Each structure stands twice: as structure tokens, then as C-alpha cells.
Amino acid sequence: MSERLQRILDEALDDEYKARASYAAIIKAFGPVKPFVNIVESEGRHAAALLQQYQRLGLKPPHNRWAAHDTKVPATLLEACEAAVAAEIENAEMYERLLAEADDPVLHDVLSNLRDSSQNRHLPAFKRCVERYST
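Residue 161 is where the sequence shown starts when you use the numbering used here, and the numbers rise one by one after that.
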């Protein structure tokens, strides 16, 4: 059981770290633009929620491989918004898959909350971002 939970948490945390690094790189390149400036903080809270689960379950979190990673930044804000839409769709799909494997009820609730935040907050914000920069 702990190996499965470790794998689930590792994949989710890596994805949250990747999103945070990607959005931080976009902010560095383009300045504090919305929604990236708001969502980068949210990704940090998502990672913190997962780290709490590692602690609760007595598991060791992996190293953040994205912290020192030179994240490629899209050429325009429109491209950045489009990439973020794709990333949030992939994020939600990942959480759906992980939820099917997570039989720990507390972890299941955390993963559900993170999926819902991605689908109901981040994805709509980035879709609005695409509309804003498409014109």
C-alpha cells in the first residue's frame, strides 16, 4: 500500500512543482501578469497540501527537480496561456487517474480538491487569458 501511495504522491507533487516552475518562468519573462501571478501561488499551496500527506503517511517526498530546471518560456503571452490551458487539462486527467488508485480516504479528498481547483479555477482563468491575448 505505501509503495502505491508513494507513487501517487510523487507523480502529483512532481506535476505541481512543474506547474509552479513553468508559471514562475512566465512571470519572470513577462512580469506579474494575471492569471499566472495568482495561480503560481496556488500551485505552491497545492504542493504544500501534498507534502502534508507525505508527512501524515510517513513517506519521504522526492527532490523538486524543477527548482533548478531551466523552464522554456513560450514566445508570447498568448502561447503561454495556451500552454497553461493544455497543462491544466493534463493535470486534471492525471488527478482522475490517481484518484482511481487512491484508496486512502484523506489522500482521496486532497487529490479531489486539487483536481477541482485545477478544473474549476485554473482552467477557466487560463481560458480567459487565451481570449484576452487572442484579440
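For each residue, glycine too, the CB sits at the ideal point set by N, CA and C.
Owing to the predicted nature of the structure, the values given are computational and were not obtained by experimental measurement.
- A distance of 8 Å or more separates the beta carbons of C289 and P192.
- Between the alpha carbons of S162 and A209 lies a distance of about 18 Å.
- By the neighbour-count criterion, in which a residue is buried when 16 or more other Cβ atoms sit within 10 angstroms of its Cβ, S277 is buried.
- In the DSSP assignment, Q212 falls within the unbroken alpha helix (DSSP H) covering F196 to L217.
- With fewer than 16 other Cβ atoms from the protein chains shown falling within 10 Å of its own Cβ, N273 counts as exposed.
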